[in-house]
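Colleague: Protein chains in written order, with the working numbering: chain S, 22 to 703; chain A, 18 to 213; chain V, 158 to 451.
Think of the CB as a built atom: it goes at the ideal place given N, C-alpha and C, for glycine as much as any other residue.
(1) Helix, strand or coil: how does DSSP classify residue 239 (chain S) here?
(2) Considering only residues of the region 507-554 of chain S, which uninterrupted beta strand (DSSP E) runs meet the minimum length of 3 residues and lie entirely inside it, listed in chain order?
(3) Can you tell me whether DSSP reads residue 451 (chain V) as helix, strand or coil?
(4) Tell me whether residue 315 (chain V) sits in a helix, a strand or coil according to DSSP, three-state version.
(5) Whole angstroms are fine: how far does the CA of residue 596 (chain S) sit from the CA of residue 439 (chain S)?
(6) Per DSSP, what are the beta-bridge partners of residue 623 (chain S) in this structure?
(7) Give me the subset of the region 340-373 of chain V whose CB atoms are less than 8 angstroms from a CB atom of chain S, sorted by chain position.
(8) Across which residues does DSSP place residue 333 (chain S) in a beta bridge pair?
(9) Would you call the region 346-362 of chain S and the region 309-322 of chain V in contact, with 3 or more CB pairs under 8 angstroms?
(10) Output needed for residue 368 (chain V): all residues of its chain with C-beta closer than 8 angstroms, excluding positions within five of it in sequence on either side, in chain order.
(11) List the endpoints of the continuous beta strand (DSSP E) containing residue 437 (chain S).
(12) Find out if the Cβ-Cβ distance for the pair residue 592 (chain S), residue 375 (chain S) is shorter than 8 angstroms.
(13) When you compare each of S:295, S:282, S:329 to residue 315 (chain S) by their alpha carbons, which one comes out closest?
(14) For residue 315 (chain V) and chain A, any beta-carbon pair shorter than 8 angstroms?
(15) For the alpha helix (DSSP H) containing residue 185 (chain V), name the first residue and the last one.
(16) Report the residues of the region 515-533 of chain S with a CB closer than 7 angstroms to any CB of chain A, ordered along the chain.
(17) I want to verify the contact list: residues of chain S whose CB lies under 9 angstroms from the CB of residue 69 (chain A), in sequence order.
(18) Between residue 547 (chain S) and residue 570 (chain S), is the Cβ-Cβ spacing less than 8 angstroms?
(19) Would you list the one or two residues that DSSP bridges to residue 370 (chain S)?
(20) Within a Cβ cutoff of 6 angstroms, which residues of the same chain sit near residue 214 (chain V), ignoring the five residues on either side of it in sequence?
(21) Thinking just about the alpha-carbon of each residue, which of S:666, S:114, S:83 is nearest to the one in residue 158 (chain S)?
(22) Report the rounded CA-to-CA distance for residue 79 (chain S) versus residue 148 (chain S), giving the unit in angstroms.
(23) Let me check one thing: in DSSP terms, what residues is residue 307 (chain V) bridge-paired to?
(24) Spell out whether any CB of chain A is found under 8 angstroms from the CB atom of residue 323 (chain V).
(25) In chain order, what residues of the same chain lie with their CB nearer than 8 angstroms to the CB of residue 641 (chain S), ignoring the 5 residues before and after it?
(26) For residue 24 (chain A), return the contacting residues in chain V, with the cut-off set at a CB-CB distance below 7 angstroms.
(27) At a CB distance below 8 angstroms, what residues from the region 42-62 of chain A approach chain V? Give them in sequence order.
(28) Please name the residue, chosen from S:276, S:277, S:293, S:300, that lies closest to residue 286 (chain S) on a Cα-to-Cα basis.
(29) According to DSSP, what are the bridge partners of residue 67 (chain S)?
(30) Could you tell me whether any Cβ in chain V is nearer than 8 angstroms to the Cβ of residue 445 (chain S)?
(31) Check for me: the beta strand (DSSP E) holding residue 159 (chain V) runs from which residue to which?
(32) Closest by CA to residue 337 (chain V), which one among V:350, V:353, V:328, V:303?
(33) If you check the beta carbons only, do residue 174 (chain V) and residue 412 (chain V) fall under 8 angstroms apart?
(34) How would you call residue 166 (chain A), buried or exposed, if buried means at least 16 neighbouring beta carbons within 10 angstroms?
(35) Is it buried or exposed, residue 195 (chain S), if we count other Cβ atoms within 10 angstroms and call 16 or more buried?
(36) Taking only three categories from DSSP, how would you classify residue 378 (chain S)?
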């Protein structure tokens, strides 16, 4: 109230941001223009307002010039609103007497005419000057943080994040949709560039997760609903029926050999379809948890069709030899239903990973047409000792003269399949050059075949990566720079008969070549999960145009999202290798711990409140509030808002028919004067 | 041993040529070329070319006008559009080849008695004069201008066409030839105006 | 169903078997085709190489005539015509400069081209407008036992066709199956036949045709089915030259419409198999009456 009466003394600062703003906006002219406006005590331009001297400048001016309002025209409030509010407060003013104008993202970066950009900056500045006059002193609220954390996705990112938090004494829920954790890494044979066995380094971590007292592991489960806000999320998790009582299953796997299906005959997804499994199975030997799962789609004890609730119909027609084998452990339960769990957590780490590009989308490479064309993930399983062939590299089609399955004598590995291509995915998938070389090495080791790598550019930036490239060159692998035109099976010469022919320009030699090989490996790229859009909405995150989840800042907040308390790690944010994924997972865990250990979050005081005397009690606002923050006083027939729950979305403000709801920082007087400011500038 | 100097000096470039080509409708995406060689990899004629299609793209972008306009590559392009379809940067390579052919014809830098541009010219002339193409006459004219001796070798083909009733000496033409001529004239005038 | 019909020069010349067989087949299916009034050459690949603006204007004259006729669907059987007319549409839509030049040129003779007509290929119309069921109903002499290699060539699938896949088109495969033929799977169905290079640069052009013929035989085909007069010409008329230069590759190449006429039991003068240089072997299947008796 006193601020209204005292003389308005606004300090205005326009930032050059080096050349970012100054190259397109005449900052001096903006300052000179603002200087003349009513209420402005001083206007300055400065090279970097966010720097220490820039902040000190604001503080000094407040003291020396008795400023009572501050406006800074610079970058996005997302970046530095916090900084300048801090400076305002350090100068002795309430931080909400500060207002920020974005003349970088909204102006200098998007315009090409310096004069017009300058005029726009002046108009935006005038709007802010008029607005800030109406600002009030506000108080920041502190809300306590629930110390538990939800980690979504049990690949190496989720595993590492969960372990980091659990080892620091935090309680973690790890939710994974597959029957086992491990993710893509569990399928790999070895890892580049050190060639450590992927299982040897991953499975100990997996079993640690399984037995950690601070980790609640829910596999075969989906997050179905997320409510609340940083520090106080309520999450619903669907635990899908696996028809096994997890607590009773000991992982003895006696049920599997005793299944009525004597031979495994159903597609084994873990082995990329190269092997078969039974209706009751465990995805792979080191699966965590060591609990089998029953597939109701193929198990004889279920019928075709679904119950009204969507669950499969139990037919009870099978002899149930598996139940017999399970014996008194009694772990098999055909009546099991999906189960919904509700948990409270303060932070969420999303590690939902990637999917590999569908090679069939590049028909020129013949995947699905020619049997001996493979994807890289298929090769990972094929060279793996616990894979479908026990690590023997044999072709899908063709026999040796003695009738045994054929081993390839020549192999072509095609890089960038689906990547760097405007027709599919424009990004570089980052890991393919390295994993292609790893597979070339492993295939050479297994088969002693002639190896060809077809690449557009070799990308090996990473510790020990270029050295690995050197090693491959020493091994005699051929590296041909050229994106393959096509893979085909028609022969032009006798040596091409019966082979797959790769037609490519050897761009370094400048000649077109035809290279016959026995096996083609497609180094498929990485792309967002098919349901990334749903996951994004569930956790209120953003996606880039390419579909990867968007980090808050590409350099300075790489694991944060735009939603406080929701963090990212691993490939769901973009393609990356295991070292980077693990580093990110650790970073995300640390970011969560920052909030947990502080114990509270500060809430922006942009909450709404109801002018009691104006409220007619119509209740139209109540169902609209997405945070159920509006309550109704039946005695007084008036609505009221629980400030702790209000997130400042403004929905009720717009909806109230009697204009009796007001939102801090967005009061009518503030918004209208801001609009007037833009419009009055000429 | 004949030796040839292959170095390129900056003076060998025709500054602005690449930009000029990229300003033509259909040729814009060339600036995104990553020199991956897919075009050459799928091109059925690349095995005969002096420069591969990929190299032509780079030469255009780098302003080596004389090299590309004199290359055989642009004439070997059979317009099958395989490169355009497969290019990961969606560069309309076939259309760029067309543009280069046009420039080579305009500047008359193609090899003498080279049948491909001659055919194109005779084709265009016939469309201009009659509105339609009569294949027998078209092919005859091309041979007369390029290699009259080889025309004799085509006698067998003519005989076979005659046997199957596909040989005709009639020059097909449209009725409103003046209409077509006026349309063409107008395009010419507009182009001249634009150049002036 | 009624379509504006743009035959193109080849269908009136060396490719006359295409027109001679397509018109009766379409009529048999109840499709009316009205030849465009005083149409001119589309410009093919050659005109584009000389002057793009004029090539577009010449092609646009045909589109303008089609629009004037009130028929919005233009049927262009020749691959080059199909491509050029579609390309012209594309240019007129995408490039305002080109649109203006062409509009002004057409204006001088009182024509307008709004770019509203759809240029379509017979395969597109057969599969999507008429439907394979209607085709099947007309089949009286199924092509049982006839192994056909469907050959699409370049220009109907690339780069403007939206009715089929660009790398692995299947419309003709499905049509041939509906006729009762056995479709030979081969990886060359969209490869180039050499185009006009067979005449201008035979060593390079004819080799491409040779590869197609050789591979079709190797995969067990009795006949190659094509959609393009130039492809048919190269694979058929140059056959003696190809055989002399490389090796004998005796396999007939016919238009898909000829096979349709055959399966529909149309008279010989509407199937015109005698236009081909290599005779097609008689169908193994007996006449429909005999088949019914058995």
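Modeller: On the basis of the coordinates in this document:
(1) strand
(2) 507-509, 521-527, 532-538, 540-545, 547-549
(3) Reliability of the predicted coordinates at residue 451 (chain V) is poor, the pLDDT of 41 falling under 50, and the value obtained from them is presented with this limitation in mind. Coil at residue 451 (chain V), not helix or strand.
(4) coil
(5) In a straight line, the C-alpha of residue 439 (chain S) is about 13 angstroms away from that of residue 596 (chain S).
(6) Answer by DSSP bridge pairing, in chain order: S:163.
(7) 343, 344, 345, 368, 372
(8) S:327
(9) no
(10) 345, 348
(11) 431-438
(12) yes
(13) Comparing alpha carbon positions, the residue from S:295, S:282, S:329 closest to residue 315 (chain S) is S:282.
(14) Yes, because at least one Cβ of chain A sits closer than 8 angstroms to the Cβ of residue 315 (chain V).
(15) 173-185
(16) 524, 525, 526, 528, 531, 533
(17) 526, 528, 531, 532, 533
(18) no
(19) S:172, S:588
(20) 259, 262
(21) S:114
(22) 20 angstroms
(23) V:382
(24) yes
(25) 676, 677, 678
(26) Simply none; closest approach about 30 angstroms.
(27) 42, 43, 61, 62
(28) S:300
(29) S:36
(30) no
(31) 159-162
(32) For residue 337 (chain V), the nearest C-alpha among the options comes from V:303.
(33) yes
(34) exposed
(35) buried
(36) Collapsing the DSSP output to three states places residue 378 (chain S) in coil.
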